[in-house]
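Asks: The opening position of the sequence shown corresponds to residue 1138 in this note's numbering, with each subsequent residue numbered one higher.
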Amino acid sequence: MGRTPWAPGDCDCGAEELTWKILICDGLEENGQLLLRPSAKVEDRSGLSASELFQIIPDYDALIVRSRTKITADLLENAGRLRVIGRAGVGVDNIDLAVARACGVKVVNAPVATTRAVVELTLGLIFCLARSIPRADRSIKEGQWLKKELSGSEIDSKTLGVIGMGQIGTGVAQLARLTGMNVIGYDPFLPDQEIAQRGAQPVTLDWLYRQADFVTIHAPLNETTRHMINREAISLMKPGARLICTARGGVVDEEALLDGLESGRIAGAALDVFAQEPPGLSALVRHPNLIATPHIGAQTVEAQQRAAADIAAEVLAALEGQPLRWQVT
Ligand code: NAD
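1. Which whole-angstrom value describes the C-beta separation of I1321 and A1337, a residue pair presumed to lie in contact below a C-beta threshold of 8 Å?
2. For M1390, count neighbouring Cβ atoms within 10 angstroms of its own Cβ and tell me buried if that reaches 16, exposed if not.
3. Please confirm whether any heavy atom of the ligand NAD lies closer than 7 Å to the CB of T1252.
4. Which of the three DSSP states is assigned to A1250 in this structure?
5. For the putative contact between C1162 and T1209, defined by C-beta atoms under 8 Å, what is the C-beta separation to the nearest angstrom?
6. Nearest CA to the CA of A1225: which residue from Q1442, K1285, E1457?
7. Can you tell me the Cα-Cα spacing of I1366 and T1430, whole angstroms?
8. Does at least one heavy atom of the ligand NAD sit under 7 Å from the Cβ of F1411?
9. I'd like to confirm something about M1302: is its beta-carbon nearer than 7 Å to some heavy atom of the ligand NAD, or not?
10. State the Cα-Cα distance for the pair I1292 and A1267, rounded to the nearest angstrom.
11. Any heavy atom of the ligand NAD closer than 7 Å to the Cβ of D1324?
12. So who's on the other strand from D1329, going by DSSP bridges?
13. Would you please state the rounded distance, in angstroms, between the beta carbons of L1345 and I1381? I believe it to be under 8 Å.
14. Would you mind working out which of G1241, V1340, G1261, D1409 sits nearest V1309, comparing C-alpha positions?
15. With C-beta atoms as the reference, is S1294 less than 8 Å away from G1317?
16. Is the beta carbon of D1409 closer than 8 Å to that of A1247?
17. Just grab the DSSP bridge partners of R1224 for me.
18. How many Å lie between L1342 and V1465 at the Cα?
19. According to DSSP, which residues form a beta bridge with P1339?
20. For E1180, which residues from the same chain have a beta carbon less than 6 Å from its beta carbon, with the 5 sequence-adjacent residues on both sides left out?
21. Please determine whether the Cβ atom of V1255 lies at a distance below 7 Å from any heavy atom of the ligand NAD.
22. Check Q1281 in the structure and name its three-state DSSP category.
23. Please classify R1335: is it buried, with 16 or more other beta-carbons within 10 angstroms of its beta-carbon, or exposed?
24. Go through its chain and collect everything with a Cβ distance to V1229's Cβ below 7 Å, but skip five positions before and after it.
25. Indicate whether K1158 and D1196 have their beta-carbon atoms separated by less than 8 Å.
26. For D1198, which residues from the same chain have a beta carbon less than 7 Å from its beta carbon, with the 5 sequence-adjacent residues on both sides left out?
27. Determine the extent of the beta strand (DSSP E) in which E1180 is found, giving its start and end residues.
28. Using three-state DSSP, classify V1352 as helix, strand or coil.
29. May I ask whether a heavy atom of the ligand NAD can be found less than 7 Å away from the beta carbon of T1362?
30. Helix, strand or coil for A1412? Go by DSSP, reduced to three states.
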């Protein structure tokens, strides 16, 4: 299914045709589009249906998507001249990577553009959990004055357990240390020395659960991490521990978390990601000690602009046969 090498100059059509054609499916910040336009004909067509995309995909050398557009096997097999798919963000679970690889279509992403935004949201959620800030706001708007009921705790000298010491986990560890927290970290793919250099005291997972006042998860979702935070993990946590997950829905077993909140074993939890998104008004979402945000980890102006610039540069590099920084397939 591999493509034969092709470059804009290969065709004998007019000068107008001598540019790459790039389709933007889910929007892209203007700064990214400006980088693409000198080298390519760029079409920004958000909101295409699957069948509309299927009809027009044979025309394009590159696609730029976020998470909305599903790149299926059918679509890829109809994409005769497609060379590269750029994901303006991290997750590529909306792209059939095996078929893309078999078709010779490169997939690139922008894995570091949104790191800082997720780090800051995670810290924000830690503060919100410690002081019940969302509940305080809600109650005052409902005409209540819960001054005594909303006694919180300080995070200074508390222990933060970071599961997954990659880009985001490292950023969280480093920022949390500046607030006075003790940071311990677990990552089975990193040597202890590396975890220490990244800003956390390396520990086993069991020890992390037993010691942490706050547990935050920054591991990817895969078969090993699915429901990693389950009943057993929660039973090992300190009574009154608080849990934060801004990684991926499915890492936390939501039923087990609800039980943990109801029993009081978990004093509070904050989720930016859910097994099913949107999660609807589930019992978990409605729980007073659960802070829920609608997958806004990467939603800052700065992160989206960085992602646009990174993916524009990466897609052009792929089209031009230049070395790639973030090649997924
Ligand atoms: P990364 O690849 O840099 O780091 C992930 C780390 O997890 C790696 O160090 C890896 O060794 C570790 N890991 C893998 N399996 C593990 C396990 N079983 N236990 C503990 N650690 C394990 O990724 P990142 O950029 O830091 O992103 C982390 C997570 O954040 C990803 O799931 C990503 O999808 C998610 N994310 C969410 C948002 C959002 O909008 N909420 C935005 C960006 C990224």
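Ideal Cβ placement from N, Cα and C applies to all residues, glycine included.
Replies: Judging by the given coordinates:
1. As a first step, residue 1321 is located in the sequence shown; it is residue number 184 there, counting from the start. As a first step, residue 1337 is located in the sequence shown; it is residue number 200 there, counting from the start. Indeed, because the Cβ distance is near 6 Å, the residues count as touching under 8 Å.
2. For this step, residue 1390 is matched to residue 253 along the sequence shown. Note that residue 1390 corresponds to Asp in the displayed sequence, not to Met. Buried is the call here.
3. Stepping through the sequence shown from its first residue, residue 1252 is reached at position 115. Checking every heavy atom of the ligand NAD against the Cβ of T1252, one is found closer than 7 Å.
4. Residue mapping note: residue 1250 aligns to position 113 of the sequence shown, counting from 1. Looking at A1250 - three-state DSSP - the assignment turns out to be coil, as it is neither helix nor strand.
5. Numbered from 1 along the sequence shown, position 25 holds the residue referred to as residue 1162. Numbered from 1 along the sequence shown, position 72 holds the residue referred to as residue 1209. The Cβ separation is near 13 Å, so there is no contact.
6. Along the sequence shown, one-based indexing puts residue 1225 at 88. With distances taken between Cα atoms, A1225 lies closest to Q1442.
7. By 1-based counting over the sequence shown, the position of residue 1366 is 229. By 1-based counting over the sequence shown, the position of residue 1430 is 293. Going from the Cα of I1366 to the Cα of T1430 covers about 19 Å.
8. Mapped onto the sequence shown, residue 1411 falls at position 274. It does not: the Cβ of F1411 is nowhere closer than 7 Å to a heavy atom of the ligand NAD.
9. Here residue 1302 refers to the residue found at position 165 of the sequence shown. Because some heavy atom of the ligand NAD lies under 7 Å away, the Cβ of M1302 counts as near it: yes.
10. On the sequence shown, residue 1292 is found 155 positions in, with the first residue counted as 1. On the sequence shown, residue 1267 is found 130 positions in, with the first residue counted as 1. C-alpha separation (whole angstroms): 7 Å.
11. Working through the sequence shown from its first residue, we reach residue 1324 at position 187. At least one heavy atom of the ligand NAD is nearer than 7 Å to the Cβ of D1324, so yes.
12. In the sequence shown, the residue the question calls residue 1329 occupies position 192. BP columns for D1329 are empty, so no partner.
13. As a working note, residue 1345 is residue 208 in the sequence shown. As a working note, residue 1381 is residue 244 in the sequence shown. Not a contact, Cβ separation roughly 13 Å.
14. If you number the sequence shown from 1, residue 1309 lands on position 172. Comparing Cα positions, the closest option is G1261.
15. Position 157 of the sequence shown holds residue 1294. Position 180 of the sequence shown holds residue 1317. In this structure, G1317 lies closer than 8 Å to S1294 by Cβ.
16. As a first step, residue 1247 must be located in the sequence shown, where it is residue number 110. As a first step, residue 1409 must be located in the sequence shown, where it is residue number 272. Result no, Cβ atoms of A1247 and D1409 do not sit closer than 8 Å.
17. Within the sequence shown, the letter at position 87 stands for residue 1224. Paired residue(s): V1202, N1246.
18. Taking the first residue of the sequence shown as position 1, residue 1342 is located at position 205. Taking the first residue of the sequence shown as position 1, residue 1465 is located at position 328. Approximately 29 Å, taken between the alpha carbons.
19. As a first step, residue 1339 must be located in the sequence shown, where it is residue number 202. BP columns for P1339 point to G1322.
20. Here residue 1180 corresponds to residue number 43 of the sequence shown, with the count starting at 1. L1160.
21. Against the sequence shown, residue 1255 aligns to sequence position 118. Result yes, Cβ under 7 Å from the ligand NAD.
22. The residue given as residue 1281 occupies position 144 in the sequence shown. Correct three-state label for Q1281: coil.
23. For the purposes of this step, residue 1335 is taken as the residue at position 198 of the sequence shown. It is buried - the Cβ of R1335 has at least 16 other Cβ atoms within 10 Å.
24. Along the sequence shown, read from residue 1 onward, the residue named residue 1229 stands at position 92. Cβ neighbours of V1229 beyond the five flanking positions: V1244, N1246, V1465.
25. Stepping through the sequence shown from its first residue, residue 1158 is reached at position 21. Stepping through the sequence shown from its first residue, residue 1196 is reached at position 59. Contact flag set, yes.
26. Translated into positions along the sequence shown, residue 1198 becomes position 61. Cβ within range, chain order: W1157, K1158, I1159, R1218, L1219, R1220, L1456.
27. As a working mapping, residue 1180 is identified with position 43 in the sequence shown. Counting along the chain, the beta strand (DSSP E) containing E1180 begins and ends at 1177-1181.
28. On the sequence shown, position 215 is the one that residue 1352 refers to. Of the three classes helix, strand and coil, the one that applies to V1352 here is strand, per DSSP.
29. To locate residue 1362, count along the sequence shown from 1; it is residue 225. Yes, the ligand NAD has a heavy atom inside 7 Å of this Cβ.
30. Residue numbering aside, residue 1412 sits at position 275 when the sequence shown is read from its first letter. In the structure shown, A1412 sits in coil (DSSP, three-state: anything other than H, G, I, E or B).
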